[in-house]
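A short worksheet on the structure shown next.
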Amino acid sequence: MKHNRISQVYYLRPFSYITFFNTFSSWYHLLKKSQHWTKAQVQKHQSQRIKELISHSVRNVPYYRKLFDSYGIKLDHINKPSDITKLPYITREDIKHNLSQLKAENYPKNAFKKTMTGGTTGSPLELYIEHAQWLGVHFAFNKIYMEQAGYHWADKVVSFTGISERYMYHPFHRTFEISSFYTAKKDFDEWYDKILKFKPSFITSYPSSLILFTQYVCNLQKKAPVLKAIFLHGETIFDWQRKLLQNYYDCPVFDQYGHRERCVFATTCKHSDKYHVFPEYGLMEIIDRKGNIVTKKGEQGEIVATGFTNKVFPLIRYKTGDIAVVDEIDCECGRQYPVIERIIGRTQEFLVTHTHERVPATGLYHVIAEHSHHIKECQLYQEKEGDLIIYVVKDEGFSEHDEKHILHAFKDRFKDSFSVTLRFIPSIKRTEQGKYRYVIQKIHNSQRE
Ligand SMILES: [Zn+2]
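Everything in the sequence shown is counted per numbering that gives the first Met the number 0, starting at 0 for the first residue and increasing by one.
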């Protein structure tokens with residue numbers, strides 16, 4: 000059974016629960032204070048974190064020890080955030096080929112929890128996070144994010160998420176979870192009734208999941224539930240989607256950007272749809288194609304990030320592959336955080352079932368990644384409703400078992416909604432801009448702009 004972030008709390012052992020709670024508490028209290036810091040205080044904090052991280056990595060992480068040695072980098076070369084540019088980048092390929100070397104030696108074996116990257120960033124990537132601690136960090140940042148809209152722990156929340164069950168209620172969190180995989184008309188009718196009955200104050204969701212549901216109920220001219228705010232995450236949101244949600248629910252729509260590599264956490268605020276990049280979570284740089292840092296409003300480049308929250312598997316100057324546009328605003332919320340106008344490197348796509356239903360593709364990526372760790376890259380291709388081709392670039396160790404597991408996982412989740420074919424190819428063609436796309440959707444989709 001797949002556990003999502005909320006239910007993972009229930010499966011913590013008593014000792015781990017202490018770790019979870021202490022981590023949550025210390026991060027939450029820091030964030031309550033740091034949102035009022037001046038630019039100088041933010042910079043001082045980041046300098047300290049970077050020094051600590053580099054010092055820890057040199058002492059305890061074989062990969063960095065060797066790397067910094069070969070570059071002649073000493074700890075006293077790093078004094079301020081911008082000094083980080085003296086260090087080399089780390090790429091997905093570097094991580095893939097140095098998995099064990101990136102694990103911190105000063106942590107016991109049971110501190111490491113394996114995770115896979117998701118979203119639309121390319122091939123599945125294995126990573127490690129700190130058992131129980133990561134969950135505390137996650138809850139602290141998300142609580143701060145949601146408190147912007149007046150969220151209180153006793154408020155009821157509906158969450159559209161990638162759970163395998165159709166829906167699930169968590170009384171302790173007062174959260175009603177709905178699976179984003181069930182998107183037929185009868186499902187939406189059921190979700191609508193359940194939401195009205197549950198009376199949530201907030202909805203959290205992938206944009207694509209909530210949009211599908213909202214378009215359906217909006218077309219039927221059903222009365223919208225009364226909400227205080229909507230929180231989105233996991234995919235790029237388009238303006239027309241934000242407007243649709245704001246108009247129908249008549250409430251503010253917030254969006255959060257982050258990824259499983261856990262180096263960046265950025266959110267919009269109640270005064271602005273621009274993304275405030277949390278300096279406590281990590282250091283973000285935006286790098287143009289020539290490798291120069293770009294800082295001027297309107298310039299764009301790749302997000303390169305150094306995470307401060309994950310000491311068991313540190314990522315220093317990690318090339319995320321996501322492209323962002325730099326912005327500068329003096330936001331009314333008062334946060335002196337770096338700002339990005341938008342993230343343009345991630346896409347959201349839908350696939351269409353035999354019964355003409357649209358299913359968000361983001362969740363499907365996880366289905367593949369979770370059932371085979373021997374895939375270099377994959378791409379979903381669709382030109383006919385219900386027919387899905389998965390192009391797979393095999394990695395070492397790929398066998399018939401992987402193929403069976405993937406096909407079985409699709410069958411298990413979608414029954415006969417899709418006829419799935421796996422096709423093996425040596426590499427996946429990039430777009431004209433050199434970008435990797437994980438979904439090629441050839442069916443005309445009039446609901447997208
Ligand atoms: Zn703001």
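Glycine is no exception: its CB is placed at the ideal position from the N, C-alpha and C atoms.
Go ahead and pull the three-state DSSP assignment for LEU30. helix
If you draw a straight line from the C-alpha of TYR205 to the C-alpha of GLU284, how long is it? 26 Å
Given that a residue counts as buried once 16 or more other Cβ atoms are within 10 Å of its Cβ, and exposed if not, what is ILE89? buried
What number of angstroms, rounded off, separates the C-alpha of GLN446 from the C-alpha of LYS31? Summary for GLN446: the model assigns pLDDT 38, below 50, so the residue's position carries little reliability; its value from the coordinates is reported in the next sentence. Their backbone Cα atoms lie some 41 Å apart in a straight line.
If we ignore side chains and look at the alpha-carbon of each, how far apart do VAL216 and PHE138 end up? 31 Å
Does the pairing of the segment 41 to 54 with the segment 305 to 325 give three or more beta-carbon distances under 8 Å? yes
What does the Cβ neighbour count give for TYR168, buried or exposed, with the cut at 16 atoms within 10 Å? exposed
Alpha carbon to alpha carbon, how far is TRP36 from ARG334? 7 Å
How would you label ASP321, buried or exposed, when you count the other beta carbons within 10 angstroms and need 16 or more for buried? buried
Between LEU231 and ALA323, what straight-line distance do the alpha-carbon atoms span, to the nearest angstrom? 18 Å
Give me, in chain order, the residues of the same chain whose beta-carbon lies closer than 7 Å to that of GLN45; leave out the 5 immediate sequence neighbours on both sides. PRO80, PRO278, LEU282
Classify SER56: buried if its beta carbon has 16 or more other beta carbons within 10 angstroms, exposed otherwise. buried
State the start and end residues of the unbroken alpha helix (DSSP H) segment that holds THR213. 206 to 218
Please report the residue range of the alpha helix (DSSP H) in which SER56 lies. 38 to 59
Applying the criterion that 16 or more other CB atoms from any shown protein chain within 10 Å of the CB defines a buried residue, is ILE83 buried or exposed? buried
List in chain order the residues whose CB is within less than 6 Å of at least one heavy atom of ligand 1. CYS268, HIS270, SER271, HIS275, CYS330, CYS332, ARG334
Does the distance from the C-beta atom of ARG12 to that of TRP133 stay below 9 Å? no
Is the beta carbon of VAL391 closer than 9 Å to that of GLU376? yes
Would you list, in sequence order, the uninterrupted alpha helix (DSSP H) runs of no fewer than 4 residues that lie entirely inside the segment 94 to 167? 132 to 146
GLY433 versus TYR380 - alpha carbon distance: With a pLDDT of 43 at GLY433, under the threshold of 50, the predicted position of this residue should be treated as unreliable, and no value is reported.
Classify VAL225 as buried or exposed, calling it buried when 16 or more other Cβ atoms lie within 10 Å of its own Cβ. exposed
Below 6 Å CB to CB, which residues in the same chain sit around SER158 once its five sequence neighbours on both sides are set aside? THR174, GLU176, THR203
Does the Cβ-Cβ distance between PHE212 and PHE237 come in under 9 Å? no
Report the CB separation of TYR373 from PHE397 in whole angstroms; it is logged as a contact under 8 Å. The amino acid at residue 373 is misidentified as Tyr; the sequence shows His. Between PHE397 and HIS373 the Cβ distance is about 4 Å, and since that is below 8 Å, they are a contact.
Can you tell me whether LYS65 is buried or exposed? The criterion is at least 16 other CB atoms within 10 Å of its CB, across all chains shown. exposed
Rounded straight-line distance, which links the Cα of ARG316 to that of ASP287: 14 Å
Please classify ARG447: does DSSP put it in a helix, a strand, or coil? Low per-residue confidence applies at ARG447: pLDDT is 35, beneath 50, and the placement is therefore not dependable enough to give any value.
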